[in-house]
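The letter at position 1 of the sequence shown is residue 1 when you use the UniProt record's numbering, and the numbering goes up by one with no holes.
Ideal placement from N, C-alpha and C gives every residue a C-beta, glycine not left out.
Keep in mind that this is a model prediction, so the values were computed, not measured.
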Amino acid sequence: MAGVLLNIDWRSLLGRDASPAVETEPEPEPEPVFEPVFEPVEEPALEPAFEPEPEPVPTLEIAEPELITPKLEVNFEPLHPYYPIGVSIPGYASNAASVPVLLTSLSGMLVFALVGASALALKVNPRLTKTNLIRFCWFVLNGCLHCFFEGYFIFNHDTVASSQNVFAQLWKEYALSDSRYLRSDFFMLSIETITVFILGPLCFANAVAIVRGSPARHALRIVVCVAHLYGVALYYATSLCETYFTGRSHSRPEPQYFWVYYFGFNLPWAIIPAVLLYDSVRTITRAIGALEKFDATLDSHRRKQNGVNGVAESKKTR
Numbered sequence: 001m002a003g004v005l006l007n008i009d010w011r012s013l014l015g016r017d018a019s020p021a022v023e024t025e026p027e028p029e030p031e032p033v034f035e036p037v038f039e040p041v042e043e044p045a046l047e048p049a050f051e052p053e054p055e056p057v058p059t060l061e062i063a064e065p066e067l068i069t070p071k072l073e074v075n076f077e078p079l080h081p082y083y084p085i086g087v088s089i090p091g092y093a094s095n096a097a098s099v100p101v102l103l104t105s106l107s108g109m110l111v112f113a114l115v116g117a118s119a120l121a122l123k124v125n126p127r128l129t130k131t132n133l134i135r136f137c138w139f140v141l142n143g144c145l146h147c148f149f150e151g152y153f154i155f156n157h158d159t160v161a162s163s164q165n166v167f168a169q170l171w172k173e174y175a176l177s178d179s180r181y182l183r184s185d186f187f188m189l190s191i192e193t194i195t196v197f198i199l200g201p202l203c204f205a206n207a208v209a210i211v212r213g214s215p216a217r218h219a220l221r222i223v224v225c226v227a228h229l230y231g232v233a234l235y236y237a238t239s240l241c242e243t244y245f246t247g248r249s250h251s252r253p254e255p256q257y258f259w260v261y262y263f264g265f266n267l268p269w270a271i272i273p274a275v276l277l278y279d280s281v282r283t284i285t286r287a288i289g290a291l292e293k294f295d296a297t298l299d300s301h302r303r304k305q306n307g308v309n310g311v312a313e314s315k316k317t318r
């Protein structure tokens, strides 16, 4: 409403003529305004204003205790001298006695046993020949080694590596040529058990038969010698075949251990039993041949005797 009142011509309402219209000049057209085009100009990068480093705030430093860490020295030396390298031998302890001392101890025990047994044999049979006395000593030596030295291994095979017993130290020295003796190898346990409980007593029985002059000594000798030859063949074959086919050797590479310990110490049980076996087989063969010849002669004599008796009886009948 107020807007309408404001647009009323008050002069017309008062009866006055309106003033003549005044001609106005047309307004000039506005000149075009040219706006300048500004291309963007890359402004140089402004370096950041230098800001002063904050002053360090004093702090109370507490010294930390030094941690003492043990120095671990890596030792690449093997735990034991046995082959193959890296083989497990739990509880191994090196020998306290030297090799000469150990060999002297074993030799002393064996010499004492052989001297005592020989004296007893000559007392029982003074007519015992030197050859039979040597054979007697051989089987006594075998019986002692089998029953006592190898018997110690059978009953203590799991503690030999850590023991300082004289027999244990001897086994540890010999095991440098065959480490199976320190690892409770099943083959060694099997063959040594047979040796201890069968061959050992048979060796003592053979020694007694020699002293008594019993013919059974040859049969016992054949059994023991064949067993020794078979055992040595198995002992050599199992180790050498494993080395050949797998490259795994149980002996140290030094010649002392392979050729002296492993090969040399066992060689007598391949040579002497072969000689004794040949002697017993030849003796038995000769004895059987002589017996057969004697039987043939006896049969011939009996036939002749029967023929003479038959002629005499026929003459009497006539």
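If the criterion is Cβ atoms closer than 8 Å, does the pair residue i and residue j meet it?
i	j	result
Ala207	Phe112	no
Val140	Ala117	yes
Ser179	Tyr82	yes
Arg248	Glu242	yes
Thr195	His146	yes
Ala270	Gln169	no
Gly143	Phe204	yes
Trp172	Asn95	Reading the sequence as shown, one finds Lys at residue 172 and not Trp. Their beta carbons are under 8 Å apart, which means Lys172 touches Asn95 by this criterion.
Leu133	Ala121	yes
Buried or exposed: residue i, going by 16 or more other Cβ atoms within 10 Å of its Cβ?
i	result
Arg303	exposed
Asp299	exposed
Asn306	exposed
Pro273	buried
Ala209	buried
Phe76	Annotation note: pLDDT 48 at Phe76 (below 50); position unreliable, coordinate value reported separately. Answer is exposed; the Cβ neighbour count stays below 16.
Gly264	exposed
Arg282	exposed
Arg252	buried
Leu102	buried
Tyr181	buried
Since I believe residue j is in contact with residue i (beta carbons under 8 Å), could you give me their beta-carbon distance rounded to a whole number of angstroms?
i	j	result
Ser280	His228	Not quite, the Cβ-Cβ distance comes to about 13 Å (not below 8 Å), so this is no contact.
Ala161	Ile89	5 Å
residue 355	Phe167	Because the chain here runs from 1 to 318, residue 355 falls outside it and cannot be looked at.
Val211	Asn266	Val211 to Asn266, Cβ: 28 Å. No contact.
Tyr92	Leu110	That pair is no contact at about 27 Å.
Leu234	Ile191	7 Å
Ser177	Phe258	6 Å
Tyr174	Tyr261	6 Å
Leu277	Val226	7 Å
Does residue i get closer than 8 Å to chain B when you measure Cβ to Cβ?
i	result
Ala287	The structure shown contains no chain B, having only a single protein chain.
Okay, do the region 215 to 224 and the region 151 to 159 touch, 3+ Cβ pairs below 8 Å being the bar? no
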